[in-house]
Structure formats: structure tokens, C-alpha cells
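*Asks:* Can you read through this structure? Questions will come right after.
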Amino acid sequence: MAMKETVFSIRAYFDVIGVFSIFFGLSAIIIGFIESPLDMAVFIYGGFALGIGTSYLYAGIRLPTLLQTSTKFVRTLLYFTGFIYLISAVIALMLGFYGKDLIMPSVGVLINWYLLLNVKRLEEEHRIEK
Numbered sequence: 103m104a105m106k107e108t109v110f111s112i113r114a115y116f117d118v119i120g121v122f123s124i125f126f127g128l129s130a131i132i133i134g135f136i137e138s139p140l141d142m143a144v145f146i147y148g149g150f151a152l153g154i155g156t157s158y159l160y161a162g163i164r165l166p167t168l169l170q171t172s173t174k175f176v177r178t179l180l181y182f183t184g185f186i187y188l189i190s191a192v193i194a195l196m197l198g199f200y201g202k203d204l205i206m207p208s209v210g211v212l213i214n215w216y217l218l219l220n221v222k223r224l225e226e227e228h229r230i231e232k
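One rule links them: number in the working numbering = place in the sequence shown (from 1) + 102.
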């Protein structure tokens, strides 16, 4: 029998991903500003990471309430983040990066897919309970 994720375990995924994304976004902005203050790509990446991290943290904190009302925000966040990961992988391939540069987007897509399946399942379970 497979282990089913609970609301609180999915909530932990969102919180951990959110905290790490905020940390990496701030690190990218700070290090990018020190090393090359005119490189806008670093600031764009850092801004995306901060925005996505904040959204994941919000989704994690509010997940029980969002499951009872509407998971549209959570599903949209997961679709958007998955799309960003796919675009990152395509850009990495176009620029000639292979190996470790494709691991992060690939793992990100898999985690998003896993979270999306579990959020949909939990939403359906809450709908049946009502």
C-alpha cells in the first residue's frame, strides 16, 4: 500500500520550498549585485525566485483553508512554476548546458507534478467529506 500525503505533509513541502526559494532569490540578488551590479538577468532570476518562494510560503500557510474554499491559486502556482522550470530547461539546452544544469529544472518539474496530483486528491477528498 502506498503512503498518502496528508494536508500537513503537503503543507511542509510548500513551506520548505518557499523558504529555500526566498533564500536563493535573496542570495542571487545580493551576490549578483556584488559581482555584477548591471547584470539584469541575475536580478530577474532573483525576483522570480522571491515571488515564487513567497507564493509557495503563502500556499503552505493557507493550504487547509484553500482546500476548503478553492485550490485555484495553488494549482495556478504549480502550473506556472512548472512552466518556468520547463522554460529554464529549454534555455539551458539551447545554450549548450547539459548534465547538472538540467537536474534542477527536471527535479522541479517532478516535484510540482507530485504536489499537483496530491493537491487535486486532497481537494477531492475534502469535497467528498462535505
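We treat Cβ as the ideally placed atom computed from N, Cα and C, and that holds for glycine.
Being a predicted model, the structure only gives us computed values, none of them experimental.
1) Taking the continuous alpha helix (DSSP H) assigned at Gly148, which residues delimit it?
2) Let's see if you can read the secondary structure: which residues bound the alpha helix (DSSP H) around Gly134?
3) Would you call the stretch 213-229 and the stretch 155-175 in contact, with 3 or more CB pairs under 8 Å?
4) What are the boundary residues of the alpha helix (DSSP H) that includes Lys106?
5) Quick check: what's the CA-CA separation for Ala151 versus Leu218?
6) Assign Phe185 to one of two classes, buried (16 or more other C-beta atoms within 10 Å of its C-beta) or exposed (fewer than that).
7) Over what stretch of residues does the alpha helix (DSSP H) that includes Tyr200 continue unbroken?
8) Under 8 Å, do Leu188 and Val211 count as touching if we go by C-beta distance?
9) Kindly give me the distance between the Cβ atoms of Gly149 and Ile124, rounded to whole angstroms, as I take these residues to be in contact under 8 Å.
*Replies:* Taking the coordinates as given:
1) Taking the sequence shown and counting its residues from 1, one reaches residue 148 at position 46. Its alpha helix (DSSP H) spans residues Met142 to Thr171.
2) Against the sequence shown, residue 134 aligns to sequence position 32. Note, Gly134: alpha helix (DSSP H), Val109 to Glu137.
3) yes
4) Sequence index remark: in the sequence shown, residue 106 carries index 4 (1-based). Counting along the chain, Lys106 falls outside any alpha helix (DSSP H), and DSSP gives it neither H nor E.
5) One-based indexing of the sequence shown puts residue 151 at position 49. One-based indexing of the sequence shown puts residue 218 at position 116. The straight-line gap from Cα to Cα measures roughly 19 Å.
6) To locate residue 185, count along the sequence shown from 1; it is residue 83. It is exposed - the Cβ of Phe185 has fewer than 16 other Cβ atoms within 10 Å.
7) Taking the sequence shown and counting its residues from 1, one reaches residue 200 at position 98. No alpha helix (DSSP H) holds Tyr200; DSSP gives it neither H nor E.
8) Walking along the sequence shown from the start, residue 188 turns up at place 86. Walking along the sequence shown from the start, residue 211 turns up at place 109. In this structure, Val211 lies closer than 8 Å to Leu188 by Cβ.
9) Numbered from 1 along the sequence shown, position 47 holds the residue referred to as residue 149. Numbered from 1 along the sequence shown, position 22 holds the residue referred to as residue 124. That belief does not hold up - the Cβ atoms of Gly149 and Ile124 are roughly 12 Å apart, past 8 Å.
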